[in-house]
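There are 2 protein chains.
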Amino acid sequence: MNDATGRDQPFPAQGGALLGGKLAFGVAARLSRYLQVLAQAHKTGTETISSQELAEYTNVNATQIRRDLSAFGKFGKRGVGYEIEPLMTEIRNILCSSGQHSIALFGAGNLGTAIVTSDVFADHGFKVVGLFDIDQQKVGTGIGSLRVRQNSELPAVMEDEEIVIAVLAVPPEEAQAAADDVVRAGVKIIFNYSEALLEVPREVTVHTSNPAVELLYALYFYFT
Amino acid sequence: MNDATGRDQPFPAQGGALLGGKLAFGVAARLSRYLQVLAQAHKTGTETISSQELAEYTNVNATQIRRDLSAFGKFGKRGVGYEIEPLMTEIRNILCSSGQHSIALFGAGNLGTAIVTSDVFADHGFKVVGLFDIDQQKVGTGIGSLRVRQNSELPAVMEDEEIVIAVLAVPPEEAQAAADDVVRAGVKIIFNYSEALLEVPREVTVHTSNPAVELLYALYFYFT
DNA sequence: TAGATTGTTAATCGATTAACAATC
DNA sequence: TAGATTGTTAATCGATTAACAATC
């Protein structure tokens, strides 16, 4: 069977989920969310989960979830659901994210400290390997097992570690300067916790954390 | 002209953006993101913005943006773009979010402190009116102009202030207990900064912050 | 077996995109 | 005017949903 592009596919074609072997944007985003829920359910000792339960936690329709997963194989058991651990492995393989990924964290203030001491990134194989701050008072001090470095030390750290991602936990007025530093050092993905708009070259991807934006439309649906 | 539902609409119907006077989910989400970018651009003193520029910052297609906006009126000037301040007012009206909204913040640790001292919520009219922690050592101390209270004081605070939103900035192992507290007090929207999965009644909406999820699929598109 | 849930189809709806006349 | 950008159309693609046979 051919997909809409008219070419034979290396994987079973399903409603355009795959474009020439590459996942469609939406599918990849949803698979990541499934993985997050699976990881948390796994922590609590749960062993199987149904598409219905996954749907409740991800706000993705249960049929959509079954359809997304069945594009890659028959991972479920009828009448039972999906085994969590094997499914996590499958999704990690599909997303090419089974390994460890090193990240550089900018900002050793309250937010940076909160990030370093939490598991939000660690749970998905992300490890903070460098912590940077422009405040000379903080440079040299330690947070957890990390020593705070100057921003200018990023290139040196990147000689030892392959760093593709930088997380900016700095005040909005410092965000652009930090972004410039990490772009210059060759980082390709920036996660921006500040509300500032960042100017970056086209090949660099910026993801901005936007709690207020999510609350705005949640409120809209609450009030109407 | 009728929309796909076959009923006359109180607003100009545009490709199903409006469902019986209520915005479609996707439209409301995008309008919120436009508002965030407009607010930041406004801060830097910019007065007009083109759909192309908005597209770069929101990762929404420029045609989509023009189409979303033109469903509510002709806000732009051909050859120039959109005036930022009036457009913000229009979008706030569409989203019914022109006023101030009070939020309760749980967790007076590093993350809670970072939130209270930043503008991410304040920029969109959200004001933290109550700060709560279960750590008795912290209760009574002050962060900014706020005094840390016991979780059990939430109902009392809600007698003075209408609080629809709670933000949970607590460790994952405390998140469910905090969620139970806020649900019991009648809060309808929870923003969860922890990675924990929360069990809440059907009428309560949970939004979970998921930086790692966004990085997972950003990495996928970087590696493929 | 009986109950539950997957895998899959088909139909509909919303999002995306290119293109371009209108007009500032 | 010339250049730029909106407002709008039309065509395509992906997401959503209900429904249900297959099967654990």
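The listed protein sequences correspond, in order, to chains A and B. Numbered as in our numbering, the first sequence ends at 453 without a single skipped number. Numbered as in our numbering, the second sequence ends at 453 without a single skipped number. From the three backbone atoms N, C-alpha and C, an ideal C-beta is built for every residue, glycine too. Remember, predicted model here, so these are calculated numbers, not experimental data.
Going by the C-beta, is residue 284/B closer than 7 Å to any heavy atom of the ligand NAP?
This structure lacks the ligand NAP; in fact it carries no ligand of any kind.
In the region 319–375 of chain A, which residue ranges form an unbroken beta strand (DSSP E) of at least 3 residues, counting only runs that do not cross its ends?
Within the region 319–375 of chain A, the complete beta strand (DSSP E) runs of at least 3 residues are 330–335, 355–361.
Rounded C-alpha distance that separates residue 271/B from residue 264/B:
Cα to Cα, residue 271/B sits roughly 10 Å from residue 264/B.
Could you tell me which chain B residues have their CB closer than 8 Å to the CB of residue 434/A, listed as they occur along the chain?
Around residue 434/A, the beta-carbon contacts reaching into chain B at under 8 Å are 447, 450, 451.
If the cut is a Cβ gap below 9 Å, which residues of chain A does residue 319/B touch?
Listed along the chain, the chain A residues whose CB falls inside 9 Å of the CB of residue 319/B amount to none; the nearest CB is some 14 Å away.
Closest by C-alpha distance to residue 395/A, when choosing among 404/B, 415/B, 410/B, 444/B:
Residue 444/B is the option with its Cα nearest to residue 395/A.
Taking the C-alpha atoms as reference points, what is the distance between residue 242/A and residue 330/A?
In this prediction, residue 242/A scores a pLDDT of 31, lower than 50, which makes its location untrustworthy; no coordinate-derived value is stated.
Who are the Cβ neighbours of residue 340/A in its own chain at under 7 Å, not counting the five residues just before and after it?
The answer, listed in chain order, is 398, 422.
Helix, strand or coil at residue 448/B according to DSSP, with G and I counted as helix:
Three-state result, residue 448/B: helix.
Assign residue 254/B to one of three DSSP states: helix, strand, or coil.
The answer is helix: DSSP assigns residue 254/B an H, G or I state.
Could you please tell me which residues of the region 385–397 of chain A, in chain order, have their CB closer than 7 Å to any CB of chain B?
Within the region 385–397 of chain A, the residues whose Cβ lies closer than 7 Å to some Cβ of chain B are 393, 394, listed in chain order.
Given a cut-off of 8 Å, decide if residue 332/A and residue 358/A are closer than it, judged by their beta-carbon atoms.
Closer than 8 Å, so yes.
Would you say residue 286/A lies against chain B (beta-carbon separation less than 8 Å)?
At least one CB atom of chain B sits nearer than 8 Å to the CB of residue 286/A.
The beta strand (DSSP E) that contains residue 311/A, what's its start and end?
For residue 311/A, the enclosing beta strand (DSSP E) covers residues 310–312.
Going by the beta-carbon positions, is the gap between residue 392/A and residue 416/A smaller than 8 Å?
Yes, these two residues count as a Cβ contact at 8 Å.
What are the boundary residues of the beta strand (DSSP E) that includes residue 416/A?
Going by DSSP, residue 416/A is part of no beta strand (DSSP E) at all; its letter is neither H nor E.
Is residue 300/A close to chain B? Criterion is C-beta to C-beta, closer than 8 Å.
Not an interface residue.
At least one CB of chain B closer than 8 Å to the CB of residue 418/A: is that the case?
At least one CB atom of chain B sits nearer than 8 Å to the CB of residue 418/A.
Short of 6 Å in beta carbon distance, which residues of its chain neighbour residue 360/B, apart from the five on each side in sequence? Order them along the chain.
Closer than 6 Å at Cβ, skipping near neighbours: 334, 337, 375, 377.
Going along chain A, which residues have a C-beta under 8 Å from residue 276/B?
Ordered by position in chain A, no residue passes the 8 Å Cβ test against residue 276/B, which lies about 15 Å from the chain.
Note down, in chain order, all residues in the region 348–372 of chain B with a beta-carbon under 9 Å from any beta-carbon belonging to chain A.
Taking 9 Å as the Cβ-Cβ cut-off, the region 348–372 of chain B approaches chain A at 348, 349, 350, 351, 352, 353, 354, 355, given in chain order.
Going along the chain, which residues of its own chain have a beta-carbon closer than 7 Å to the beta-carbon of residue 261/A, five neighbours each way excluded?
324, listed in sequence order.
Is residue 431/A buried or exposed, if buried means 16 or more other CB atoms sit within 10 Å of its CB?
With fewer than 16 other CB atoms across the displayed protein chains lying within 10 angstroms of its CB, residue 431/A is exposed.
When the cut-off is 8 Å and only beta carbons count, does residue 312/A lie next to chain B?
By this cut-off, residue 312/A is not an interface position.
What does the alpha-carbon distance come out to for the pair residue 364/A and residue 380/A?
Those two C-alpha atoms are separated by around 10 Å.
Which value, in whole angstroms, describes the spacing of the CA atoms of residue 246/B and residue 362/B?
Because the pLDDT of residue 246/B is 48, which lies under 50, any placement of that residue in the model is unreliable, and the question is left without a value.
Are the CB atoms of residue 286/A and residue 418/B within a distance shorter than 8 Å?
No, the pair does not count as a contact, with Cβ atoms beyond the cut-off.
Got a sec? Which residues, its chain only, sit under 7 Å from residue 284/B by beta carbon, not counting five neighbours each side?
Non-local C-beta neighbours of residue 284/B in its own chain, meaning closer than 7 Å and more than five positions away in sequence, comprise 290, 291, 294, ordered along the chain.
C-alpha distance - residue 305/A paired with residue 321/A, whole-angstrom precision:
So the alpha carbons of these two residues sit roughly 16 Å apart.
Rounded to the nearest angstrom, what separates residue 326/B and residue 448/A at their Cα positions?
Approximately 8 Å, taken between the alpha carbons.
Since residue 442/A and residue 435/A are thought to touch, with beta carbons under 8 Å apart, how far apart are those beta carbons, to the nearest angstrom?
Not a contact, Cβ separation roughly 15 Å.
For chain B, check one thing: does any of its Cβ atoms lie closer than 8 Å to the Cβ of residue 326/A?
Yes - at least one Cβ of chain B is within 8 Å of the one on residue 326/A.
Ignore the nearest five residues each way along the sequence and tell me which others in residue 438/A's own chain have a CB closer than 6 Å to its CB.
The beta carbon of residue 438/A is closer than 6 Å to those of 422 in its chain, skipping five residues each way along the sequence.
Alpha carbon to alpha carbon, how far is residue 446/A from residue 387/B? Give it in angstroms, no decimals.
Rounded to the nearest angstrom, the gap between the Cα atoms of residue 387/B and residue 446/A is 22 Å.
Assigned secondary structure, residue 378/A (DSSP; H/G/I helix, E/B strand, else coil):
Note: residue 378/A maps to strand in three-state DSSP.
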